[in-house]
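Right, one structure below, let's go through it.
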Amino acid sequence: MEENTNNIHKGHRDRLRTRFLKDGLEDFQEHQVLELLLFYAIPRKDTNDISHQLLKHFGTLENVLKASDEELREYQISESAALFLHLTDAICSRYYQSRYQEQRKGLFLSFESMLTYIQQFFQDTTEEQFLLLLSDTDNTCIFRKIVHRGAITRFDEFIRKVVELAVSYHASGLILVHHLADGSLPSLDELDFLDMLKESFQPVHVRLIDYIVCTASVIISVMSPDAPDDLAAF
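With the sequence shown counted from 1, adding 5 to any position gets you this note's numbering.
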């Protein structure tokens with residue numbers, strides 16, 4: 006009986022691999038992408054059920070790859086399998102950085118270039134996040150990272166963290182991007198937050214180039230003179 010079960014699993018894995026080799030991941034659902042990845046981390050188990058459980062708990066493939074060892078162990082993920090997932094996440098990040106290396110030089114030159122970058126960066130993101138980008142005196146991007154996930158509860162601590170990063174990288178300017186969660190709308194609080202940012206960066210002589218708020222369909226510069234007084238209206 007065990008042999009038949011193994012044969013079923015092997016046949017399913019072979020079909021999924023063949024499908025990927027033929028057509029890529031374009032038509033794969035997210036649980037199938039994770040399942041295919043888990044083939045190489047968990048060689049002797051049915052990874053279909055595990056992938057469904059992981060996505061149900063963590064929400065997205067990105068969150069699964071970034072989950073802690075302790076969280077993953079609750080879903081039959083061994084230490085070596087967890088390492089494989091973390092390595093995959095790190096490799097994807099390295100690849101992304103390498104792929105857009107040339108973009109670093111033109112990132113801060115126009116709102117249009119920033120618009121393109123933000124659309125690429127957040128294309129698979131549904132959660133609230135804050136992206137920080139720092140530039141040097143040549144307007145080259147020297148740092149880019151998600152510095153906060155979810156709503157900010159302590160604005161003073163968040164701004165202090167951003168200021169410390171800017172100073173530690175000897176940044177000349179910065180752009181902060183607030184990606185809203187699915188279904189959320191911007192509010193007038195963004196304008197108050199912008200005033201706090203401006204006030205905080207003046208003493209350290211780092212120029213706040215822009216503060217951008219975006220959703221899945223709209224990107225707006227809060228600092229732009231064309232920004233609506235009622236941000237929720239956009």
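For glycine and all other residues, C-beta sits at the position ideal for the given N, C-alpha and C.
Please check the pair residue i and residue j, which I expect to be a contact at CB under 8 angstroms, by giving their CB distance rounded to whole angstroms.
i       : j       : result
Ala-72  : Glu-132 : Actually they are not in contact, since the Cβ atoms of Ala-72 and Glu-132 sit about 14 angstroms apart, beyond 8 angstroms.
Leu-181 : Leu-139 : Not confirmed; about 10 angstroms, so no contact.
Whole angstroms is fine: what's the gap from residue i's alpha carbon to residue j's?
i       : j       : result
Thr-52  : Ser-85  : 15 angstroms
Ala-171 : Ile-47  : 42 angstroms
Ser-222 : Leu-39  : 27 angstroms
Gln-128 : His-62  : 21 angstroms
Glu-204 : Glu-162 : 15 angstroms
Gln-81  : Arg-49  : 12 angstroms
Met-6   : Gly-16  : In this prediction, Met-6 scores a pLDDT of 35, lower than 50, which makes its location untrustworthy; the coordinate-derived value is nonetheless stated afterwards. Whole-angstrom Cα-Cα distance: 15 angstroms.
Asp-19  : Ile-96  : 25 angstroms
Leu-262 : Leu-21  : Missing from the structure shown is residue 262; the chain here goes from 6 to 239 and no further.
Ile-214 : Phe-135 : 15 angstroms
Terminal residues of the continuous beta strand (DSSP E) containing residue i?
i       : result
Val-218 : 212–219
Ser-226 : 224–226
On the DSSP letters alone, give me the boundaries of the alpha helix (DSSP H) that residue i sits inside.
i       : result
Asp-51  : Per DSSP, Asp-51 belongs to no alpha helix (DSSP H) and is neither H nor E.
Val-241 : Any answer about residue 241 is impossible in this case: the structure gives the chain only from 6 up to 239.
Glu-31  : Looking at the DSSP string, Glu-31 is not in any alpha helix (DSSP H), and its letter there is neither H nor E.
Glu-79  : Looking at the DSSP string, Glu-79 is not in any alpha helix (DSSP H), and its letter there is neither H nor E.
Val-69  : 66–71
So, do the segment 56–73 and the segment 33–42 have three or more beta carbon pairs nearer to each other than 8 angstroms? yes
Entirely within the segment 106–193 and at least 4 residues each: give me those alpha helix (DSSP H) ranges in chain order. 108–111, 116–126 and 160–173
Do the segment 119–127 and the segment 209–227 make contact, defined as three or more Cβ pairs closer than 8 angstroms? Flag = yes, the segment 119–127 and the segment 209–227 touch.
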